[in-house]
Amino acid sequence: MGDDPPPGGGGIPPDLEMTPQTFLQSQGELSGSQRSMKRHAESEIGNPTPKKNISPSASVQDVYTVPEFAGEKLKYTDADQGPFSVHVTRMESDPSAGLTIRVLKFAQLIHRNNIPGIVNGGVNSVGRNRVSVEFASSSAANNFVTNPLLAENKLCATIPQFQVSRMGVVRNIPIDWTLEELVSGLQYPSNCGQVIKARRLNSKKIIDGSATWIPSNTVVLTFLGQSLPQKVYCYHTSLPVDVYHLPTIQCRGCCRFGHIKAQCRSKARCFKCSQPHLGESCNIPDEHVTCLLCSGNHKATDPRCPEHSRQKAIKMVMSEENISYLEASARFSTVRRPFAEVASQQPPKLSQPAFFPPSPSSPSSSQNPT
1 MGDDPPPGGG
11 GIPPDLEMTP
21 QTFLQSQGEL
31 SGSQRSMKRH
41 AESEIGNPTP
51 KKNISPSASV
61 QDVYTVPEFA
71 GEKLKYTDAD
81 QGPFSVHVTR
91 MESDPSAGLT
101 IRVLKFAQLI
111 HRNNIPGIVN
121 GGVNSVGRNR
131 VSVEFASSSA
141 ANNFVTNPLL
151 AENKLCATIP
161 QFQVSRMGVV
171 RNIPIDWTLE
181 ELVSGLQYPS
191 NCGQVIKARR
201 LNSKKIIDGS
211 ATWIPSNTVV
221 LTFLGQSLPQ
231 KVYCYHTSLP
241 VDVYHLPTIQ
251 CRGCCRFGHI
261 KAQCRSKARC
271 FKCSQPHLGE
281 SCNIPDEHVT
291 CLLCSGNHKA
301 TDPRCPEHSR
311 QKAIKMVMSE
321 ENISYLEASA
331 RFSTVRRPFA
341 EVASQQPPKL
351 SQPAFFPPSP
361 SSPSSSQNPT
């Protein structure tokens with residue numbers, strides 16, 4: 001895993017050759033030949049010096065949002081198809097506060113206040129601090145988003161972006177163009193919504209030992225509505241539009257997926273020995289490395305880990321079918337080996353000296369999973 005990209009730095013889509021079928025082939029442990037592949041630098045450097053990230057030039061525009069949509073919550077249109085879901089979270093002034101929503105208490109609250117249009121069985125927990133509410137119509141869902149009952153109870157409602165927008169990639173966009181120039185010059189097919197946001201991707205290069213993010217000619221466009229066009233027109237020039245494949249992001253602090261270390265609210269977990277401390281401070285020998293995700297003999301950040309393959313497959317399905325992480329992840333079984341399987345392994349030979357991992361350093365103050 002490389003250094004985390006700077007804020008607004010875009011990122012690079014995951015390996016486009018990864019499919020759900022290749023995930024199924026990756027189940028199980030890494031082969032012996034894969035385990036023996038070690039980077040020369042890792043064997044010589046115990047605690048590498050952190051590399052410095054250099055942000056892209058300030059003169060290059062990374063993100064542009066159409067003014068009328070800046071800060072506005074997206075809503076369903078009459079042309080959108082269901083399910084019409086709304087996600088509700090409890091407002092958090094402090095991200096480390098660990099607030100949660102009790103789904104039954106929340107369901108009781110909206111029932112007592114006679115919120116109309118809710119589908120039976122449509123109130124479900126979809127995260128630690130997130131409840132999904134499904135409505136029978138787009139208008140009922142839109143009205144609920146602005147219902148004063150939510151603010152009175154310190155709740156916030158939003159419509160999931162994947163329900164009302166689509167993301168596509170266009171290429172060969174001049175780097176010296178501003179994103180506003182690009183968006184203002186676009187024309188769309190009749191069955192497609194307008195672009196409401198554009199984001200230029202950056203590519204990572206190592207220059208003099210530092211990670212530098214270089215602006216690329218690839219731009220991600222966010223289209224309003226549930227239809228992604230095959231092409232758009234920019235100043236009368238045809239631009240093919242490809243599906244944007246969501247990147248697979250892993251935290252180097254807790255080893256979970258979906259966020260970076262700077263956003264982490266969980267206890268630290270070592271990507272080398274799985275103990276509660278940061279991996280950068282761990283000097284465990286390579287032969288004793290244990291993956292936190294699958295119990296294999298490799299680092300939790302190893303891209304060949306079966307869980308990495310699973311996460312890539314999940315992101316692929318999310319991108320192609322426009323569904324939530326919860327729905328996509330349910331299609332792929334977890335790769336963590338059961339305790340019985342781990343316990344049945346042969347114990348180490350007595351001729352080998354016993355190894356005990358170093359004492360854990362002070363973990364993060366937050367105890368809440370992301």
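When the letters of the sequence shown are read in order and numbered with full-length UniProt numbering, they come out as residues 1 to 370. Idealized CB from N, CA, C, for every residue including glycine.
Looking only at its chain, what residues have a beta carbon closer than 8 Å to the beta carbon of C192, apart from the 5 residues adjacent to it on each side? Here residue 192 is taken as the residue at index 192 of the sequence shown, counted from 1. Counting only Cβ-Cβ distances below 8 Å, and skipping sequence neighbours, we find F223, G225, S227, L228, P229 and V232.
Compare the C-alpha of E287 against each of V131, P276, K272 and S125 and name the closest. As a first step, residue 287 must be located in the sequence shown, where it is residue number 287. Nearest option by C-alpha distance: K272.
Find the nearest neighbour of V220 within the set T237, L201 and V86, judged by alpha-carbon distance. Your numbering for residue 220 matches position 220 in the sequence shown. Comparing Cα-Cα distances from V220 to each of T237, L201 and V86, the minimum goes to L201.
I115 and F84 look like a contact to me (Cβ under 8 Å); what is the Cβ gap, rounded to whole Å? One-based indexing of the sequence shown puts residue 115 at position 115. One-based indexing of the sequence shown puts residue 84 at position 84. Wrong, their Cβ atoms sit about 13 Å apart, outside the cutoff.
Does the beta-carbon distance from I314 to S324 come in below 8 Å? Taking the first residue of the sequence shown as position 1, residue 314 is located at position 314. Taking the first residue of the sequence shown as position 1, residue 324 is located at position 324. No; because the gap between Cβ atoms is not below 8 Å, this pair is not in contact.
Starting from the Cα of R166, find the closest Cα among D80, C294 and I284 and give me that residue. Locating residue 166 in the sequence shown gives position 166, counting from the first residue. If we check each option's Cα against that of R166, D80 comes out closest.
For the stretch 134-141 against the stretch 62-79, do three or more pairs of beta-carbon atoms, one drawn from each stretch, fall closer than 8 Å, so that the two count as touching? yes
Consult DSSP for E134 and reduce its assignment to one of helix, strand or coil. Within the sequence shown, numbered from 1, the residue matching residue 134 stands at position 134. Correct three-state label for E134: strand.
Check the DSSP bridge columns for K323 and list the partner residues they point to. By one-based count along the sequence shown, residue 323 stands at place 323. The amino acid occupying residue 323 in the given sequence is Ile; Lys does not appear at that position. DSSP, once it has assigned bridges, lists no residue as partnering I323.
Can you tell me whether P348 is helix, strand or coil according to DSSP? The residue labelled residue 348 in the question sits at position 348 within the sequence shown. A caution first: P348 carries a pLDDT of 42, below 50, which makes its placement in the model unreliable, though a value can still be read off. P348: coil per DSSP, three-state reduction.
What three-state label does DSSP hand Q163 in the structure shown? Here residue 163 is taken as the residue at index 163 of the sequence shown, counted from 1. Note: Q163 maps to helix in three-state DSSP.
In terms of DSSP beta bridges, what is G71 paired with? As a first step, residue 71 must be located in the sequence shown, where it is residue number 71. In the DSSP output, where bridge partners are listed per residue, G71 has none listed.
What span of residues does the beta strand (DSSP E) with R90 cover, start to end? In the sequence shown, counting from the first residue as 1, residue 90 sits at position 90. Unbroken beta strand (DSSP E) run through R90: F84 to R90.
Rank L104, V126 and S137 by C-alpha distance to the C-alpha of V119 and give the top, closest one. Walking along the sequence shown from the start, residue 119 turns up at place 119. Closest option to V119, Cα to Cα, is S137.
Return the first residue and the last residue of the alpha helix (DSSP H) that P148 is part of. For the purposes of this step, residue 148 is identified with residue 148 of the sequence shown, where counting begins at 1. Where P148 is concerned, the enclosing alpha helix (DSSP H) stretches over P148 to E152.
Does the beta-carbon of S138, which I'm using as the reference point, lie nearer than 7 Å to any heavy atom of the ligand NAD? Ligands in the displayed structure: none, and consequently the ligand NAD is not present.
Under DSSP, the beta strand (DSSP E) around L239 begins and ends at which residues? Here residue 239 corresponds to residue number 239 of the sequence shown, with the count starting at 1. Per DSSP, the unbroken beta strand (DSSP E) holding L239 starts and ends at T237 to P240.
Within the continuous beta strand (DSSP E) that includes F223, where are the two ends? Counted from its first residue, the sequence shown places residue 223 at position 223. Looking at the DSSP string, the run of the beta strand (DSSP E) that includes F223 is S210 to L224.
Cβ-Cβ distance between I175 and P215 below 8 Å: Along the sequence shown, one-based indexing puts residue 175 at 175. Along the sequence shown, one-based indexing puts residue 215 at 215. Yes.
Check the C-beta distance from T301 over to R256 and give it rounded, since I have them as a contact under 8 Å. Residue mapping note: residue 301 aligns to position 301 of the sequence shown, counting from 1. Residue mapping note: residue 256 aligns to position 256 of the sequence shown, counting from 1. Rounded, the Cβ-Cβ distance is 12 Å, inconsistent with contact.
Spatial neighbours of C282 in its chain, beta-carbon cut-off 6 Å, leaving aside the 5 residues before and after: Your numbering for residue 282 matches position 282 in the sequence shown. So the list reads C270, K272 and C273, once near-sequence residues are dropped.
S184: first and last residue of the uninterrupted beta strand (DSSP E) it sits in: One-based indexing of the sequence shown puts residue 184 at position 184. First-last for S184: L179 to S184, but that is the alpha helix (DSSP H), not the beta strand (DSSP E).
Where C156 and T89 are concerned, what is the direct C-alpha to C-alpha distance, given to the nearest angstrom? Numbered from its first residue, the sequence shown carries residue 156 at position 156. Numbered from its first residue, the sequence shown carries residue 89 at position 89. Near 5 Å, if we compare the C-alpha coordinates of T89 and C156.
Span of the beta strand (DSSP E), counted from its first residue to its last, around L155: By 1-based counting over the sequence shown, the position of residue 155 is 155. L155 -> beta strand (DSSP E) spans L155 to T158.
Chain-order list of residues whose beta-carbon lies under 6 Å from that of A92 (same chain, five-residue window excluded): Mapped onto the sequence shown, residue 92 falls at position 92. Here residue 92 is Glu; the residue named in the question, Ala, does not match the sequence. L99.
Do V66 and I196 have their C-beta atoms within less than 8 Å of each other? For the purposes of this step, residue 66 is taken as the residue at position 66 of the sequence shown. For the purposes of this step, residue 196 is taken as the residue at position 196 of the sequence shown. Note that the C-beta distance between V66 and I196 is below 8 Å.
Return the chain-ordered list of same chain residues with a C-beta closer than 7 Å to the C-beta of S132, the five sequence neighbours on each side being excluded. Here residue 132 refers to the residue found at position 132 when the sequence shown is read from its first residue. Result list for S132: S85, H87, N124 and V126, in chain order.
For L109, which option in G185, S238 and A151 has the closest C-alpha, if you only look at C-alpha atoms? Position 109 of the sequence shown holds residue 109. Among G185, S238 and A151, the Cα nearest to that of L109 is on A151.
Give me the Cα-Cα distance between V335 and M316, rounded to the nearest whole angstrom. Here residue 335 refers to the residue found at position 335 of the sequence shown. Here residue 316 refers to the residue found at position 316 of the sequence shown. Taking the straight line joining both Cα atoms gives about 18 Å.
As assigned by DSSP and simplified to three states, the class of N283: Counting from 1 along the sequence shown, the entry for residue 283 is found at position 283. Note: N283 maps to coil in three-state DSSP.
Count the other CB atoms within 10 Å of the CB of D62; is the residue buried (16 or more) or exposed (fewer)? Locating residue 62 in the sequence shown gives position 62, counting from the first residue. When all chains shown are included, D62 counts as buried.
Taking DSSP as the reference, what is the three-state secondary structure of N191? Locating residue 191 in the sequence shown gives position 191, where the first residue counts as 1. In this structure, N191 counts as coil in the three-state DSSP scheme.
Flag this pair as yes or no: are the beta carbons of V169 and Y244 separated by less than 8 Å? Your numbering for residue 169 matches position 169 in the sequence shown. Your numbering for residue 244 matches position 244 in the sequence shown. Closer than 8 Å, so yes.
Closest by C-alpha distance to T82, when choosing among V103, R102, G71 and F162: Looking up residue 82 in the sequence shown gives position 82. Sequence inspection shows Gly at residue 82; the Thr mentioned does not correspond to that position. Answer by Cα proximity: F162.
Quick check for students: name the residue ranges of the alpha helix (DSSP H) that lie wholly in the stretch 230-279, counting only runs of 4 or more. none
Note the first and the last residue of the continuous beta strand (DSSP E) segment covering V123. Numbered from 1 along the sequence shown, position 123 holds the residue referred to as residue 123. Judged by DSSP secondary structure, V123 falls within the beta strand (DSSP E) whose first and last residues are I118 to G127.
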